[in-house]
Amino acid sequence: MPVVRRLLVVALALVVVPTATAAFSVTLNTASPATFTGITLSGVDQTKTLNLSVTVVNTGATNGTGWSVTATAGVPTSGANTLSPLQITTVSAATCTGGGCNQPTNAVTWPQTLSASGVKIFNASAGTGKGTVVLTPVIQITYDAKALPGTYTATVTMAGTTSP
353 MPVVRRLLVV ALALVVVPTA TAAFSVTLNT ASPATFTGIT LSGVDQTKTL NLSVTVVNTG
413 ATNGTGWSVT ATAGVPTSGA NTLSPLQITT VSAATCTGGG CNQPTNAVTW PQTLSASGVK
473 IFNASAGTGK GTVVLTPVIQ ITYDAKALPG TYTATVTMAG TTSP
């Protein structure tokens, strides 16, 4: 009897919400939609990861209160079918650049499960995080062994705030 394998694809629409403070901004540097590589369903749980690039610019005269980046996402859906929620498994921070640069000191731990209500994925503690820093959040998706074939989509929204 032939084995039938079906391809499962997840695409993410990415949105960045600008902040109200002109001296602070968050920019997502990736093609939208970002797409996890397709998988062949095989009857076992599988995971895939996707790296994004988020630039945080804090050019304010002071970095007194710090800042944070949050992410929201619904579960990936294909019609009435759903997958497990997306997770941020880690976020790395490149060396900051710009005048008066001060590397952010992060207090967020991972993994963080994304939800519609949003979760903090990275922060700069008070007194840190001045200048420009590129963050690389790693998003993971788990394909349950019982997942049904389809093209699943989810929208990830990232926002920054001047509050750690």
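Numbered by this note's numbering, the letters in the sequence shown go through residues 353 to 516 in order. Beta carbons: idealized from backbone N, C-alpha and C, even for Gly.
As assigned by DSSP and simplified to three states, the class of residue i
i      : result
Trp419 : strand
Lys498 : coil
Ser515 : coil
Ser394 : coil
Thr379 : strand
Ala411 : The sequence shown places Thr at residue 411, not Ala. Coil.
Ser405 : coil
Ala425 : strand
Thr447 : coil
Ala432 : coil
Pro489 : strand
Residues of its chain near residue i, where Cβ-Cβ distance is below 6 Å and the 5 sequence neighbours each way are ignored
i      : result
Pro463 : Gln439 and Thr441
Thr422 : Gly470, Lys472 and Ala511
Distance between residue j and residue i (C-alpha atoms, nearest Å)
i      : j      : result
Pro437 : Pro428 : 7 Å
Gln492 : Ala499 : 16 Å
Gly502 : Gln398 : 15 Å
Phe388 : Lys482 : 32 Å
Leu466 : Ala506 : 11 Å
Val485 : Ala425 : 23 Å
Cys448 : Val408 : 10 Å
Sequence-distant residues of the same chain with beta carbon closer than 8 Å to residue i, five excluded per side
i      : result
Thr371 : Note on Thr371: pLDDT 47, under 50, position unreliable in the model; no value is reported.
Close Cβ partners of residue i (< 7 Å) along its chain, the five nearest in sequence each way excluded
i      : result
Thr434 : Val427 and Pro428
Counting pairs of Cβ atoms below 8 Å between the region 443-461 and the region 475-482, do you hit three or more?
Output reads yes: the region 475-482 touches the region 443-461.
Quick check for students: name the residue ranges of the beta strand (DSSP E) that lie wholly in the region 454-481, counting only runs of 3 or more.
Counting only runs of 3 or more, we get 471-476.
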